[in-house]
Structure formats: structure tokens, C-alpha cells
Amino acid sequence: MISLCVKIVSDIYFAIISDANKRKHIAYGIVVISNFYLQSIGLSFLYGGYMDFYFFVNLFINALSQFWFVIPLVLLTSLLRSPTIKGFIGEWYVNKKLVSALDNQQYKLFKNVTLPTEDGTTQIDHILLSPFGLFVIETKNMQGWIFGSERQAKWTQQIYKHKTSFQNPLRQNYKHTETLRELLALPKEAVHSVVIFTARAEFKTVMPANVGYINQAIKFIKNHEQVCFTEQQRIELAHKLATKKLQPSIKTHVAHIKHVKEIIKNKEQTNEITNVELAESLCPRCNSELVPRKNRKTKESFIGCSSYPKCRYMSH
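The structure is reproduced here in C-alpha cells:
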């Protein structure tokens, strides 16, 4: 996804200004349009007496010809700084590490799995099927200091002096593990919950063994050595999972986002939104986790994006 975005930006840029002559034509056009605008407000490079217009054009064209690479660099930097792209990068990195660190003969990875539930859908970042059980992985693309423990209902994210409470990700992942257990008819001991935070987060409290960074998660997975499934059972489970999951598509994603918005809207009307439902909800703009917030001035409660201030989505 990242490489596709970068390629699109690069292709558009180089298709427009692939050589020096085209760059000069574009620069000349920009300056001419700017000059007409300045004339309309009483200023002009041609008639203002401050600088010869054609000298300015040549100066601008030469600068653009020499530093043309700055434009795609700025576009690429803006693209990579967006919460959505950071989320994609985080998941791509987790996928890459899981594939490279685990034996693909024993571990089969399912990515971005959307499953049907009684009240709509639920989305799981990664599922690892192995002889040692089913590992359900939740990826948290959060930054700042993280405070929490296994038994706490709410954890805390702190970025400088700004603190935000969010649902214990183990409780959030509990819905995922239970959904899989019911769909695949598995015993509880065969399904393992794993939560992975990206390197932008820093833990300030001791975390459970199944919560940590990618390397800790891989170690946790490898420590499970008791065989739960035979090779034939793994083949059957992989087939069941492939048939029961919703096929990844724009339609599936839109349906899941619609379900998330309906949960928030319906619960807001009765002021009964629960932490588990909220944690299951993702920001429609950047796909980060939604968290409860309170307006400091009005004390009014609302639902906001955990990537604030980079993403300012909110739902009253």
C-alpha cells in the first residue's frame, strides 16, 4: 500500500514535469498567473517598479530547475506523516516480522480478517494458525507513554501533558478470540490473545507477557510448544477460516465502518456506549482507535480519535 501511494505521487509528478522544458513552462505559467493577480490588486512585477518581471521569471525557473526534487519530497513527507499511512506502515512491519521470524511450514498468517458477528462484524488485524494453537493478534498504532495492567479496565496514553484513557486492549481482543472460538468450535486453551504496540509507544508499567513490541510477541508465540492441532486439523481450520471470513474489499470495509458508526450513534442516543464496543470501533478517517473524551470548558463528553491532534475526528 505504501509503495503504491509513493508510486502514484511520483508518477503524477514526473508525468507533469519530466524534463527541464516542461518545468520551465509550468513555472512561467505560475508566474504569469501570479502577475495578473497582483495587477488586479494594484501590484505588479511588470509595473510595480520593484523588480523586472522577466528577470524574476528567469530566476524562478532556474531555481525550480535546480531544486525540482523538493516538491515530490514535500508531498512524500506529508503522505508519510498522516495517521492512516502510519497505521499501514505499522501493520506492514508487523506482517514482515511475523513472516520472517516464524516457520511458514508451521505458522499460517491471515491478515486483516473481517468476521460476521450477531450484531454486525468484527475486524482482526492478524491471525496465526499453528500446531500450538490459534494466535489472535491486535496491533495498536499508538504513541506516547502507555500505563496499564492486565486487570485494569482502562489504560492511559500520555503525550507530553495530555492524558487519554482507552480500553484495555486485552479486553478488546477478548471479543475477537471469542468470535473465533465460536466460529471454529475451538476449546479456550487453543486460542491465544496477543497485543502488539508499535515502537512509537513506551510502556511505563510492567505489561503481561502477551502484550509488548513485535519481538516480545514473537518470543511469546514461540514459547508455546504444546501441540493443539494435527496437520489435518490445521488444514480444516484454515479452510473454515477462509470460507467464514468476509472477503477483503472496499464494500466489506465500508460495511464495517458503517457498523462502527451505527454502534456509536445508537449508543450515544441512550448514553450507554460501553468500553468494549468503543474499543472495537475505529476512526473512520485514520483507522485509529476511538476513545472517550471530555471537553475541558463545557465538560461535555464526546468520542474522539486516539491519534489527536494529528487526527481531529470526533462524534458528539
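Here the sequence shown stands for residues 59 to 374, where the numbers follow our numbering.
For each residue, glycine too, the CB sits at the ideal point set by N, CA and C.
Just so it is clear, the structure is predicted and the values come from calculations on it, not from any experiment.
- Here the region 212-224 does not lie against the region 235-243, with fewer than 3 beta-carbon pairs under 8 Å apart.
- Three or more Cβ pairs closer than 8 Å define a contact, and the region 243-251 meets that threshold against the region 175-194.
- Here K303 carries a coil assignment [DSSP, helix/strand/coil].
- For T235, the uninterrupted alpha helix (DSSP H) run begins and ends at 227-242, by DSSP.
- When C-alpha distances from L173 are compared across Q163, Q164, Y165, H184, the shortest belongs to H184.
- Within the same chain, Cβ atoms closer than 6 Å to the Cβ of K303 are found at V171, L173, the five residues on either side in sequence being excluded.
- The closest CA to that of N268, considering only I279, K166, P367, L295, is found on I279.
- Looking at the DSSP output, P174 shares a beta bridge with T179.
- Counting every other CB atom within 10 Å of its CB across the protein chains shown gives L131 a total below 16, marking it as exposed.
- Comparing alpha-carbon positions, the option among E260, T179, I143 lying closest to G206 turns out to be E260.
- For the region 241-281, the continuous alpha helix (DSSP H) assignments of 4+ residues that do not extend past its boundaries occur at 272-280, in sequence order.
- A distance of 9 Å or more separates the beta carbons of F255 and I217.
- Beta-bridge analysis with DSSP links Q215 to I204, T222.
- For a cut-off of 8 Å, the C-beta gap from P350 to S359 is around 6 Å, short enough to register as a contact.
- S158 counts as exposed, since fewer than 16 other beta carbons sit within 10 angstroms of its beta carbon.
- Counting C-beta atoms within 10 angstroms of its own C-beta, I293 has fewer than 16 neighbours from the protein chains shown and is therefore classed as exposed.
- Per the coordinates, the alpha-carbon of D177 lies some 23 Å from the alpha-carbon of M372.
- Excluding sequence positions up to five before and after E208, its CB lies within less than 7 Å of the CB of L228, P266, all in the same chain and listed in chain order.
- For C286, there is no enclosing beta strand (DSSP E), as DSSP gives it neither H nor E.
- In this model, K144 and K355 are separated by some 31 Å (Cα to Cα).
- Per DSSP, the beta-bridge partners of K166 are L187.
- Inter-residue distance for K262 and A211 is about 17 Å (C-alpha atoms, whole angstroms).
- When the Cα atoms are used, L348 and G362 turn out to be separated by approximately 6 Å.
- In the DSSP assignment, F146 is bridged to no other residue.
- Take A257, set aside five residues on each side of it, and the residues of its chain with a beta-carbon closer than 7 Å to its own are Y271, in chain order.
- For Q230, the number of other beta carbons within 10 angstroms of its own is at least 16, and it is reported as buried.
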